[in-house]
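Below: the structure, in structure tokens.
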Amino acid sequence: MAAYGCAFDGFQDTLLVNQGVQVFSNSYIEGSVDFIWGNSKAYFHQCYVASNTPRTYITAQNRPNAAWAGGFVFDKS
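In the UniProt record's numbering, the protein residues as written are 1 to 77.
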């Protein structure tokens with residue numbers, strides 16, 4: 001899945017990245033707590049990531065075990 005120039009605005013659990021490889025580019029992502037979550041591979045390129053709550057967690061990576069090949073990459077975001 002790929003998203004370019006999109007806006008994702010919510011609170012908790014705003015953006016679920018849960019299957020395959022997902023790519024987000026030039027997008028806006030906003031939430032309150034662990035609002036980017038899931039267990040797939042996700043690449044965020046030049047995205048604006050904003051928290052509407054001070055001192056909070058942005059991501060909640062949910063790999064089922066240490067051997068699972070998932071993770072998030074934030075590049076120029």
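For glycine and all other residues, C-beta sits at the position ideal for the given N, C-alpha and C.
Would residue i be called buried (16 or more neighbouring beta carbons within 10 Å of its own) or exposed?
i   : result
A42 : buried
F44 : buried
V21 : exposed
F11 : exposed
Using 8 Å for Cβ pairs, my map puts residue i next to residue j. What's the rounded Cβ distance?
i   : j   : result
G31 : N52 : 7 Å
F74 : Q61 : 12 Å between Cβ atoms; not a contact.
Excluding the 5 residues flanking residue i on each side, which residues of the same chain have their C-beta closer than 8 Å to its C-beta?
i   : result
W37 : D13, L15, L16, V17, T59, A60, Q61 and N62
S40 : V17, N18, Q19, G20, V21, Q22 and G70
By Cβ distance, which residues of its chain are closer than 6 Å to residue i, with the 5 residues on each side in sequence left out?
i   : result
A50 : E30
Using 8 Å as the limit for Cβ to Cβ distance, is residue i near chain C?
i   : result
A42 : Within the model displayed, chain C is absent; a lone protein chain is all it includes.
So within the UniProt domain "Pectinesterase catalytic" (3-76), which uninterrupted beta strand (DSSP E) runs reach at least 3 residues, ignoring any that extend past its ends? 7-9, 21-25, 28-31, 36-38, 41-45, 48-51, 59-61 and 71-75
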